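Here the sequence shown is numbered in my numbering, starting from 82 and rising by one per residue.
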Amino acid sequence: MGLLPFEKRWLVSVITCLIPSGASERLPEGAADLPLERFIDDLLAHAPLKFLLGLRACLWVVSLAPCVVLGRLRLFHQLGDEEQLQLLTRFKDSDAYLVREMPLLFKMVGCLAYGGHPRIQARLALEPRDETPPDWARTASQRAPETPGGDS
82 MGLLPFEKRW LVSVITCLIP SGASERLPEG AADLPLERFI DDLLAHAPLK
132 FLLGLRACLW VVSLAPCVVL GRLRLFHQLG DEEQLQLLTR FKDSDAYLVR
182 EMPLLFKMVG CLAYGGHPRI QARLALEPRD ETPPDWARTA SQRAPETPGG
232 DS
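Now the structure itself:
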């Protein structure tokens with residue numbers, strides 16, 4: 082099960098809101114500076130179905146929430162940075178456990194991508210560090226060329 086292209090864009094917008102670029106001198110890169118789309122494709126290919134169903138459901142709730150929570154006829158990704166953060170803060174402060182945990186789910190997904198990228202690991206001086214980055218984090222020159230006709 083995958084996400085539709087517009088759902089992937091929604092997910093990228095939520096993650097980039099939670100892990101913004103330029104928030105720290107030590108870590109100037111944010112989620113937007115990483116190949117999030119490739120990470121999401123990798124996640125969708127390997128994560129369990131229950132997780133993916135929950136992720137999709139939470140994504141729809143957060144994406145449509147501005148209409149209900151903020152009284153704005155907009156989707157999450159159409160809001161400005163401050164309004165996005167305000168909306169996620171309202172979710173985090175909710176009395177309902179399920180609503181309160183939604184931003185945490187997106188933060189977890191974002192941190193898997195962020196902390197899994199070799200450039201971020203190097204900035205944080207994380208050891209041990211795998212010398213071979215995951216497929217999704219490799220640059221075009223590091224990725225093996227695809228063979229026509231499938232696996233060989």
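We treat Cβ as the ideally placed atom computed from N, Cα and C, and that holds for glycine. These numbers were taken from a predicted model, which means no experiment stands behind them.
May I have the straight-line CA-CA distance separating Leu179 from Arg224, to the nearest angstrom?
39 Å
Alpha carbons only, please: which of Pro214, Glu212, Leu133, Tyr195 is nearest the one belonging to Leu205?
Residue Tyr195 is the option with its Cα nearest to Leu205.
How about Phe157 and Gln167: are their beta carbons less than 8 Å apart?
no
By the 10 Å Cβ neighbour count, where 16 or more other Cβ atoms means buried, how is Cys148 classified, buried or exposed?
exposed
Could you check the C-alpha separation between Ala112 and Thr97 for me, to the nearest Å?
5 Å
Look at the alpha carbon of Met189 and the alpha carbon of Pro116, and state the distance between them as a whole number of angstroms.
16 Å
Taking the beta carbon of Pro184 as the centre, do at least 16 other beta carbons fall within 10 Å, making it buried, or is it exposed?
buried
From what residue to what residue does the alpha helix (DSSP H) around Trp91 run?
Judged by DSSP secondary structure, Trp91 falls within the alpha helix (DSSP H) whose first and last residues are 86-99.
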